[in-house]
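Trainee: Residue numbers (the numbering used here): 1 to 522.
Below are the structure tokens for one structure; questions will follow.
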Ligand code: DHE
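If you want it as structure tokens, here you go:
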């Protein structure tokens with residue numbers, strides 16, 4: 001189904017608004033101003049168009065003052081012009097204030113809207129099956145550049161940039177690969193899922209799953225994509241081949257209360273998607289059809305029979321797992337037997353068995369552990385996990401056999417992301433918040449100590465690491481508008497080169513992601 005009213009190149013260059021010149025510019029209240037100045041790009045219903053959706057949920061990360069500044073001055077490197085010469089300060093302030101109000105009629109995004117948004121530019125099987133480049137296709141990095149809403153594809157051996165292309169506005173979370181690494185799926189905060197053929201470096205299909213989306217997951221066999229939404233309260237299942245809609249799951253509890261979805265993940269050893277809910281004390285498990293053979297050569301890939309973990313929920317049906325608390329931020333053990341969740345309010349965590357739904361341990365983790373960034377490694381014959389904290393200058397290290405905190409490392413400030421690789425003796429954590437956000441700590445995984453603190457560029461935020469497939473080199477973001485990714489030798493910790501990028505955020509290595517490498521996110 002194809003229904004995009006705008007040329008792709010324009011539609012994808014988001015962040016944006018083209019000016020509709022209607023005089024007099026300031027006539028009427030904010031609603032009239034919106035219709036005259038903004039609607040042509042952001043949509044009459046504020047659901048987005050060339051520009052992003054402008055509803056309170058979509059704007060929650062932008063302060064009203066920042067919104068006023070964008071209206072006044074425009075956005076660099078996007079099609080959003082400044083309206084400062086057309087609108088006075090009072091008009092800009094009233095327009096910005098109005099954008100943070102809920103619309104009188106709640107927007108809907110169901111089957112019809114999803115299907116109408118669907119566009120297939122290159123049907124599955126229509127493009128050549130060999131890469132257009134020399135680089136190892138399993139060692140590519142995709143780098144998301146949130147500054148001007150682009151993504152770069154890097155050769156993971158030479159670190160040459162193979163390709164750079166525009167993305168939807170505000171990608172968030174990790175892009176997800178098919179197991180052979182050929183296709184990558186991006187999710188945007190505005191609900192767009194974009195499928196890119198990395199062999200041909202082409203966008204092949206797109207669909208809008210929701211209005212305010214959290215993230216996406218791809219099944220371990222690469223056949224299905226699940227999207228998790230805040231608005232509407234839904235999970236949405238697609239056939240990964242061309243992003244055809246398969247099923248919309250309204251997320252409603254047994255008492256009829258609906259819920260936002262915190263996030264959805266693929267759990268390969270279980271053969272299912274697992275979704276955590278923000279407003280219901282439930283985790284949902286949705287199995288995909290079993291393959292006849294394991295499809296991914298990961299260290300913890302089970303045989304198909306073992307994959308189901310003993311329950312017989314039919315394919316694509318929801319298994320509700322009641323849990324003792326709401327789950328906002330969470331992590332899984334390697335076998336996906338347990339979910340480790342942060343307690344609401346940020347003063348601790350809990351471990352829940354996914355078979356029984358029972359809490360098996362409390363975790364004494366004050367200061368909002370950012371469990372979604374957790375990583376694990378083997379330490380003295382047992383598996384440990386480490387997590388930074390969002391409001392505490394610390395990294396907690398937990399023994400996963402008895403769920404005790406075995407060490408707390410003091411850091412130079414609260415951190416956001418952690419990374420390592422099975423072949424590296426070091427784990428890296430940033431200091432994302434506070435005056436020391438230009439620092440990155442290097443932790444010795446054997447000694448459980450910080451052994452180095454790097455300051456790649458004084459005063460500039462340094463964050464988010466990803467290793468190459470062998471764990472020999474790594475990339476660190478200089479998370480600035482005119483930023484860079486920095487290549488380090490993972491052993492000597494020496495900087496090797498810088499590649500200019502526009503506020504690079506996450507970096508994702510094909511091998512590490514498709515092999516569910518223990519030191520990276522999944
Ligand atoms: Fe994220 C991943 C939730 C704010 C950058 N973030 C994720 C994931 C979740 C999440 C559930 C995992 C998705 C996945 O990969 O499938 N993020 C949240 C929040 O709840 C929070 C705190 C508030 C919000 O507004 O949603 C939040 N995140 C941010 C940011 O402010 C960041 C720093 C900048 C941005 O671009 O929005 C940010 N989040 C990221 C990145 C990842 C991510 C780069 C992927 C990490 C990875 O390595 O996989």
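Every residue, glycine too, gets a C-beta built ideally from N, C-alpha and C.
Beta-carbon separation of residue 392 and residue 367 under 8 Å?
Mentor: In this structure, residue 367 lies closer than 8 Å to residue 392 by Cβ.
Trainee: Quick one, which of 189, 81, 76 has its alpha-carbon nearest residue 54's?
Mentor: 189
Trainee: Let me check one thing: in DSSP terms, what residues is residue 147 bridge-paired to?
Mentor: As computed with DSSP, residue 147 is found in no beta bridge at all.
Trainee: Hey, would you say the C-beta of residue 146 is under 7 Å away from at least one heavy atom of ligand 1?
Mentor: yes
Trainee: How long is the line joining the alpha carbons of residue 176 and residue 116, rounded to whole angstroms?
Mentor: 24 Å
Trainee: Can you check DSSP and say which residues form a bridge with residue 322?
Mentor: Looking at the DSSP output, residue 322 sits in a beta bridge with 282.
Trainee: Could you compute how far the alpha carbon of residue 132 sits from the alpha carbon of residue 200?
Mentor: 6 Å
Trainee: In this structure, does DSSP put residue 42 in helix, strand or coil?
Mentor: helix
Trainee: Relative to the C-alpha of residue 458, which candidate in 279, 436, 65 has its C-alpha closest?
Mentor: 436
Trainee: Which word fits residue 502, buried or exposed, when buried means at least 16 other C-beta atoms lie within 10 angstroms of its C-beta?
Mentor: buried
Trainee: Which one of 41, 395, 515, 134 has the shortest CA to CA distance from residue 334?
Mentor: 515
Trainee: Using C-beta distances below 6 Å, list every residue in its chain close to residue 512, excluding the 5 sequence neighbours before and after it, in chain order.
Mentor: Counting only Cβ-Cβ distances below 6 Å, and skipping sequence neighbours, we find 520.
Trainee: Tell me the rounded alpha-carbon separation between residue 469 and residue 380.
Mentor: Their backbone Cα atoms lie some 24 Å apart in a straight line.
Trainee: For the alpha helix (DSSP H) containing residue 513, name the first residue and the last one.
Mentor: 510-514
Trainee: So, helix, strand or coil for residue 371, using DSSP?
Mentor: Three-state result, residue 371: helix.
Trainee: At 3 residues or longer, and completely inside the stretch 417-487: list those beta strand (DSSP E) runs for me, N to C.
Mentor: 426-430, 440-444, 449-454, 462-467, 473-478
Trainee: Apart from the five residues just before and just after residue 428, which ones in its own chain have a Cβ nearer than 8 Å to its Cβ?
Mentor: Only residues of its own chain outside the window of five on either side were considered, and among them 418, 419, 420, 440, 441, 442, 443, 465, 474, 476 have a CB closer than 8 Å to the CB of residue 428, listed in chain order.
Trainee: Since residue 361 is in the beta strand (DSSP E), which residue starts that stretch and which ends it?
Mentor: 359-363
Trainee: Which residue from 256, 167, 323, 370 puts its Cα closest to that of residue 275?
Mentor: 323
Trainee: Alpha carbon to alpha carbon, how far is residue 99 from residue 151?
Mentor: Just so you know, the alpha carbons of residue 99 and residue 151 end up roughly 29 Å apart.
Trainee: Measuring only from the beta carbon, is residue 263 closer than 7 Å to any heavy atom that is part of ligand 1?
Mentor: yes
Trainee: Check whether the Cβ atoms of residue 342 and residue 369 sit closer than 8 Å, and answer yes or no.
Mentor: yes
Trainee: Contact between the stretch 107-123 and the stretch 225-236: three or more CB pairs below 8 Å?
Mentor: yes
Trainee: Using the Cα positions of residue 241 and residue 344, report the straight-line distance between them to the nearest angstrom.
Mentor: Whole-angstrom Cα-Cα distance: 37 Å.
Trainee: Report whether the distance from the Cβ of residue 372 to the nearest heavy atom of ligand 1 is below 7 Å.
Mentor: yes
Trainee: Buried or exposed for residue 28, please, with buried defined as at least 16 other CB atoms from any protein chain shown within 10 angstroms of its CB.
Mentor: exposed
Trainee: Starting from residue 268, trace the alpha helix (DSSP H) both ways and give me its first and last residue.
Mentor: Per DSSP, residue 268 belongs to no alpha helix (DSSP H) and is neither H nor E.
Trainee: Under 7 Å from any heavy atom of ligand 1, does the C-beta of residue 540 make it?
Mentor: Nothing about residue 540 can be reported from this structure: the residues present for the chain run from 1 to 522 only.
Trainee: I need the straight-line Cα distance from residue 481 to residue 315, nearest angstrom please.
Mentor: 45 Å
Trainee: Using the beta-carbon count (16 or more within 10 Å), is residue 182 buried or exposed?
Mentor: buried
Trainee: Spatial neighbours of residue 329 within its chain, please: CB distance less than 6 Å, with the 5 preceding and 5 following residues excluded, ordered by chain position.
Mentor: 342, 371, 372
Trainee: Quick check on residue 111: does DSSP put it in helix, strand or coil?
Mentor: helix
Trainee: Extract the residue ranges of the beta strand (DSSP E) inside the stretch 166-251, only unbroken runs of 3 or more that lie entirely within it.
Mentor: 183-187, 192-197, 202-208, 212-218, 224-231, 234-239, 244-250
Trainee: Rounded to whole angstroms, what is the Cα-Cα separation between residue 91 and residue 36?
Mentor: Rounded to the nearest angstrom, the two C-alpha atoms are 13 Å apart.
Trainee: For residue 140, which beta-bridge partners are listed by DSSP?
Mentor: As DSSP reads the structure, residue 140 sits in a beta bridge with 155.
Trainee: What is the DSSP secondary structure of residue 94, counted as helix, strand or coil?
Mentor: helix
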